[in-house]
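Chemist: Below is the structure I would like to discuss, written out as structure tokens.
Protein chains: 2
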Amino acid sequence: MKLDERKFRILQAIIDDYIVTAIPVASRTISKKYDMGVSPATIRNEMSDLEELGYLDQPHVSAGRIPSNKAYRLYVDELVGSFHLDEATQRRLRDRFMVRARQIEDVVGTAAQALSELTNYTSVVMTPKQQQMRIRNLQLVQTSSSSALVVIVTDSGIVRDCVIHVHESLDSDALYAISKMLTERLSGHTLGEVEGILEELIKRSPGNENVARGISTLMDQLQGGDLPRTVRVAGTSNIFNYPEYNDVTKAKALISLLEDKERLSELMRSRGTMEFSIRIGAENGLPEMNDCTMATATYRVGQGTVGTIGIIGPTRMNYKKALSTMLFIGQQLSEMLSRSNVPLPDGSEDTI
Amino acid sequence: MKLDERKFRILQAIIDDYIVTAIPVASRTISKKYDMGVSPATIRNEMSDLEELGYLDQPHVSAGRIPSNKAYRLYVDELVGSFHLDEATQRRLRDRFMVRARQIEDVVGTAAQALSELTNYTSVVMTPKQQQMRIRNLQLVQTSSSSALVVIVTDSGIVRDCVIHVHESLDSDALYAISKMLTERLSGHTLGEVEGILEELIKRSPGNENVARGISTLMDQLQGGDLPRTVRVAGTSNIFNYPEYNDVTKAKALISLLEDKERLSELMRSRGTMEFSIRIGAENGLPEMNDCTMATATYRVGQGTVGTIGIIGPTRMNYKKALSTMLFIGQQLSEMLSRSNVPLPDGSEDTI
DNA sequence: GTTAGCACTCTCGGCTGTCGAGTGCTAATC
DNA sequence: GATTAGCACTCGACAGCCGAGAGTGCTAAC
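Order-wise, the sequence lines are chains X and S.
Read in this note's numbering, the first sequence has 322 at position 322, and its numbers run on one by one without any break.
Read in this note's numbering, the second sequence has 157 at position 157, and its numbers run on one by one without any break.
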């Protein structure tokens, strides 16, 4: 049996209907509401075929049909490429991203917020691995007589910092001198390369061992090799908008997952670096995500560095809207973080 | 009718029982389990009196009694002063706070996490107003040819930063010179005083107007006058541990509140600066908090600056445990943030 | 003042019957 | 051969009912 034109249209209609109503779709509904030009009985025959083909499920014999995950898969595969966000929303989003970026976490927070508000689903945004970022500037700032803050500015204007111990004999001027020296050596290199360079530095000028080792340890932290990267979640309570999560234990399981940043970043990391990925229901591989779809997309910071942005919603999510919003925000994020100058709004007053 | 010794003991027993079981307490339970030495019938008479006095409610005629908010109020008032956390937990908590503090947000995050894990309730921690913090050091770090990061280190080792525009003619050395000058002028002053000082600076040396104005605008932001201050929430999913929130709509309302940082900080701000405050049910003034107790305590950063730490749980919360944990963590937080040196763990290697 | 005894009330779970929605099948029709 | 009308059938949702169990309030006795 093949999936001919009409079967496909019927399947599409069923999915469209189910996405908004969340109740099993009856043959009569399709026949009337979607103007198929055939009677319910015919639709029923087709539906029966579709069920046999694995595209439809039937909760019980006297209920309508609901799309199976296989159906959603077909549906989104068909959809791919047709994602376009209306101009008005695009404009509004662009404005929203015209803010000052400081720590990458802030930008990521804005993105998560926007994404969940626009889609009404829960959004998850993960900061990228930072090995590929290039250092532009490094500076030590005295925080007490024996500690200093290392501030690293990367080529995309992103700032990272960390407190380290310093020897008491080093005053502010000495730290500045060290900063200049380090900036000279390290600028243009990626965070990933720093370790090697510092090692060499230690070999060549043994006097500075401690400086180098300090920075090196710091780098490890900043790269966050195996550490859980920062994950921002927004719109958690949105899951209650969907009857799928009227069941308290289900809701609890999902919310617990959203709170567990480790598992969540594991989940997102497993998507690899494909431009985008959609996992429907069991494809996610987690029991608490069995009636969820998680869609993710990557964004770029500079060259080669990727972060992940995603949405979590019921399998019957409004794929078209959700995905186009997500992809657009991902683009915006990439653009904003890859401009070598952090943009400042026009008319900004705080100029020195 | 007065609340004599025995009535009080009975009330206490009812509350203790209800706190753990969450089911209405029967006269027989009290008589047997709490060893009152009188028969259920006597207890019933007393309970009847207690109900008349407003300390007990009865869901329906053939159910046991549940404590009213008035009862909880009496109970916690009686409890005040007897909060003590066992040594083992204290030790564990102290260890947990022996980490590197950088941004105040990080410390606050740790505190929130610890509080929710230990109590099994939801925790909320708000960063303090920062007007009262004293500047120790200020440094400008070049982030691009036309922008710089202002890093401010306060007397408690807390770091704040912000990006500002700078004139293209200023190179790294020039920025360092400006930093030194500003540090000299501003160190020892509170963030709140900066504005005045900068104004004077502008008057005296008109050449530097832009510098000063830039920093001043920044200060406004950092103080966050009326801006919502940072609020960290942890253990959201804990609310599902309590049958009070088996109702999805209730859970949704509360979780939405927890997500709305503006309302949440408003709620916490309204507590004033008392050492601690406990609001039971309707005392919170929000419909979604009607079966919740919210307990808050203040913590200090340096002198005069206070932040708020709090827990949200069902009205029948385990007050003794919850409050002693909260108060202890508040203390730890104060201590850690008020030590003028940010502590570093022993054996730390990253020393320059 | 305390308590035993008992009638009374109310909730909860299980069971039943009805209603309505929707299907599957068959036979007639195009 | 595809489509459709008609009808029997199935199943879930819902309301109503019943009995069991929990717990009280009251009364009368101690």
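Note that beta-carbon positions come from the ideal geometry of N, C-alpha and C, so glycine has one too.
Is it buried or exposed for glutamine 139(S), if we count other Cβ within 10 angstroms and need 16 for buried?
Modeler: Within the second sequence, residue 139(S) is the residue found at index 139, counting from 1. Buried, since its Cβ has 16 or more Cβ neighbours within 10 Å.
Chemist: Which same chain residues, not among the five before or five after threonine 154(S), have their C-beta less than 7 Å away from its C-beta?
Modeler: Along the second sequence, read from residue 1 onward, the residue named residue 154(S) stands at position 154. Excluding positions up to five away in sequence, the list reads Met133, Arg134, Ile135, Arg136.
Chemist: Mind checking whether threonine 89(S) and phenylalanine 97(S) have CB atoms under 8 Å apart?
Modeler: Stepping through the second sequence from its first residue, residue 89(S) is reached at position 89. Stepping through the second sequence from its first residue, residue 97(S) is reached at position 97. Not closer than 8 Å, so no.
Chemist: May I have the straight-line CA-CA distance separating arginine 300(S) from glutamate 51(S), to the nearest angstrom?
Modeler: Within the second sequence, residue 300(S) is the residue found at index 300, counting from 1. Within the second sequence, residue 51(S) is the residue found at index 51, counting from 1. Using only the alpha carbons, I get a separation of about 41 Å.
Chemist: Would you please verify whether the beta carbon of methionine 143(S) is less than 8 Å from any beta carbon of chain X?
Modeler: On the second sequence, residue 143(S) is found 143 positions in, with the first residue counted as 1. Checking the displayed sequence, the identity of residue 143(S) turns out to be threonine instead of methionine. Chain X contact via Cβ: present.
Chemist: When burial is assigned at 16 or more other CB atoms within 10 Å of the CB, is glycine 157(X) buried or exposed?
Modeler: By 1-based counting over the first sequence, the position of residue 157(X) is 157. Buried: at least 16 other Cβ atoms inside 10 Å.
Chemist: Within this structure, are the beta carbons of threonine 308(X) and threonine 298(X) separated by less than 8 Å?
Modeler: Taking the first sequence and counting its residues from 1, the one referred to as residue 308(X) is at position 308. Taking the first sequence and counting its residues from 1, the one referred to as residue 298(X) is at position 298. A contact, by the Cβ cut-off of 8 Å.
Chemist: Per DSSP, which residues does histidine 84(S) bridge with? Please list them.
Modeler: For the purposes of this step, residue 84(S) is taken as the residue at position 84 of the second sequence. None, per the DSSP bridge assignment.
Chemist: Counting only beta-carbon atoms, is lysine 252(S) nearer than 8 Å to chain X?
Modeler: Along the second sequence, read from residue 1 onward, the residue named residue 252(S) stands at position 252. Yes, contact with chain X.
Chemist: So, is the C-beta of phenylalanine 276(X) closer than 8 Å to a C-beta in chain S?
Modeler: The residue you call residue 276(X) lines up with position 276 of the first sequence. It does not; no Cβ of chain S falls within 8 Å.
Chemist: Are the region 280–290 of chain X and the region 244–258 of chain X touching, with three or more C-beta to C-beta distances below 8 Å?
Modeler: Touching, per the Cβ criterion.
Chemist: Rounded to whole angstroms, what is the Cα-Cα separation between serine 324(X) and isoleucine 278(X)?
Modeler: Counted from its first residue, the first sequence places residue 324(X) at position 324. Counted from its first residue, the first sequence places residue 278(X) at position 278. Looking at the two C-alpha atoms, the distance is approximately 13 Å.
Chemist: On the criterion of 16 or more Cβ atoms from any shown chain inside 10 Å, does threonine 21(X) qualify as buried, or is it exposed?
Modeler: By 1-based counting over the first sequence, the position of residue 21(X) is 21. It counts as exposed.
Chemist: With a threshold of 8 Å between beta-carbons, can glutamine 90(X) be considered close to chain S, or not?
Modeler: Translated into positions along the first sequence, residue 90(X) becomes position 90. It does not; no Cβ of chain S falls within 8 Å.
Chemist: Starting from the C-beta of glutamate 46(X), find all residues in its chain whose C-beta is less than 8 Å away, skip the five residues before and the five after it, and write them out in chain order.
Modeler: Residue mapping note: residue 46(X) aligns to position 46 of the first sequence, counting from 1. Same-chain partners within the cutoff: Arg6, Lys7, Ile10.
Chemist: Taking only runs that begin and end inside the region 305–340 of chain S, name each unbroken beta strand (DSSP E) of 3 or more residues, in chain order.
Modeler: Qualifying beta strand (DSSP E) stretches, in chain order: 305–314.
Chemist: For a contact defined as C-beta to C-beta under 9 Å, what are the partners of asparagine 246(X) on chain S?
Modeler: Within the first sequence, numbered from 1, the residue matching residue 246(X) stands at position 246. The contacting residues are Val248.
Chemist: Run down chain S in chain order and give the residues with a C-beta less than 7 Å from the C-beta of glycine 157(X).
Modeler: Position 157 of the first sequence holds residue 157(X). Under the 7 Å cutoff, chain S gives Thr143, Ser144.
Chemist: Would you say leucine 149(X) faces chain S, with C-beta separation under 8 Å as the test?
Modeler: Along the first sequence, one-based indexing puts residue 149(X) at 149. Yes - at least one Cβ of chain S is within 8 Å of the one on leucine 149(X).
Chemist: Quick test of your reading: isoleucine 164(X) and serine 146(X), contact by CB under 8 Å. State the CB separation rounded to the nearest angstrom.
Modeler: Walking along the first sequence from the start, residue 164(X) turns up at place 164. Walking along the first sequence from the start, residue 146(X) turns up at place 146. Isoleucine 164(X) to serine 146(X), Cβ: 10 Å. No contact.
Chemist: Considering only the beta carbon of each residue, do alanine 71(X) and tyrosine 55(X) sit closer than 8 Å?
Modeler: As a working note, residue 71(X) is residue 71 in the first sequence. As a working note, residue 55(X) is residue 55 in the first sequence. A contact, by the Cβ cut-off of 8 Å.
Chemist: For valine 108(X), which residues from the same chain have a beta carbon less than 6 Å from its beta carbon, with the 5 sequence-adjacent residues on both sides left out?
Modeler: Working through the first sequence from its first residue, we reach residue 108(X) at position 108. Once the five neighbours on either side are set aside, the close Cβ partners of valine 108(X) are Val125, Thr127, Arg232.
Chemist: Under the rule that 16 or more other beta-carbon atoms within 10 Å means buried, what is leucine 3(S), buried or exposed?
Modeler: Locating residue 3(S) in the second sequence gives position 3, counting from the first residue. So leucine 3(S) counts as exposed.
Chemist: Could you tell me whether the Cβ of phenylalanine 240(X) comes closer than 8 Å to any Cβ of chain S?
Modeler: In the first sequence, residue 240(X) corresponds to position 240, counting from 1. By this cut-off, phenylalanine 240(X) is an interface position.
Chemist: Are the region 315–322 of chain X and the region 252–269 of chain X in contact at 8 Å, needing three or more beta carbon pairs?
Modeler: Because the criterion of three Cβ pairs below 8 Å is not met, the region 315–322 of chain X and the region 252–269 of chain X do not touch.
Chemist: Cβ closer than 7 Å: which chain S residues qualify as neighbours of tyrosine 176(X)?
Modeler: Within the first sequence, the letter at position 176 stands for residue 176(X). Per Cβ cutoff of 7 Å: Tyr176.
Chemist: Taking Cβ positions only, does asparagine 137(S) come closer than 8 Å to chain X?
Modeler: As a working mapping, residue 137(S) is identified with position 137 in the second sequence. Taking Cβ atoms only, chain X reaches closer than 8 Å to asparagine 137(S), which makes this a yes.
Chemist: At the 8 Å Cβ level, is threonine 230(S) part of the contact set with chain X, yes or no?
Modeler: For the purposes of this step, residue 230(S) is taken as residue 230 along the second sequence, with counting starting at 1. Chain X contact via Cβ: absent.
Chemist: Check whether the Cβ atoms of lysine 33(X) and threonine 305(X) sit closer than 8 Å, and answer yes or no.
Modeler: To locate residue 33(X), count along the first sequence from 1; it is residue 33. To locate residue 305(X), count along the first sequence from 1; it is residue 305. Taking 8 Å as the Cβ cut-off, lysine 33(X) and threonine 305(X) do not qualify as a contacting pair.
Chemist: Report yes or no: do the region 71–85 of chain S and the region 185–200 of chain S share at least 3 C-beta pairs separated by less than 8 Å?
Modeler: Cβ pair count under 8 Å is below three, so no.
Chemist: What are the partner residues of proline 67(S), as DSSP defines its beta bridges?
Modeler: What you label residue 67(S) is simply residue 67 of the second sequence in a count that begins at 1. According to DSSP, which records beta bridges pairwise, proline 67(S) is partnered with Leu56(S).
Chemist: With the cut-off set at 8 Å, would you say alanine 282(X) and asparagine 69(X) are in Cβ contact?
Modeler: The count along the first sequence starts at 1 and reaches residue 282(X) at position 282. The count along the first sequence starts at 1 and reaches residue 69(X) at position 69. For alanine 282(X) and asparagine 69(X), yes; Cβs fall inside 8 Å.
Chemist: For glutamate 259(S), which residues in chain X fall below 7 Å Cβ to Cβ?
Modeler: Here the question's residue 259(S) lines up with position 259 in the second sequence. Within 7 Å Cβ-Cβ: Thr236, Ser237.
Chemist: DSSP has isoleucine 278(X) in a bridge; who is on the other side?
Modeler: Working through the first sequence from its first residue, we reach residue 278(X) at position 278. DSSP lists Ala295(X) as partners of isoleucine 278(X).
Chemist: Output the distance between the C-alpha atoms of serine 348(S) and valine 166(X), rounded to the nearest integer angstrom.
Modeler: Position 348 of the second sequence holds residue 348(S). Position 166 of the first sequence holds residue 166(X). Because serine 348(S) sits at a pLDDT of 39, beneath the cut-off of 50, its placement in the model cannot be relied upon, and the following sentence gives the value as read from the coordinates. Roughly 11 Å separates the two Cα atoms.
Chemist: By a C-beta neighbour count over all protein chains shown, 10 Å radius and 16 as the cutoff for buried, is serine 59(X) buried or exposed?
Modeler: Indexing the first sequence from 1 puts residue 59(X) at position 59. One detail in the question is off: residue 59(X) reads as proline in this sequence, not serine. Per the 10 Å Cβ criterion, exposed.
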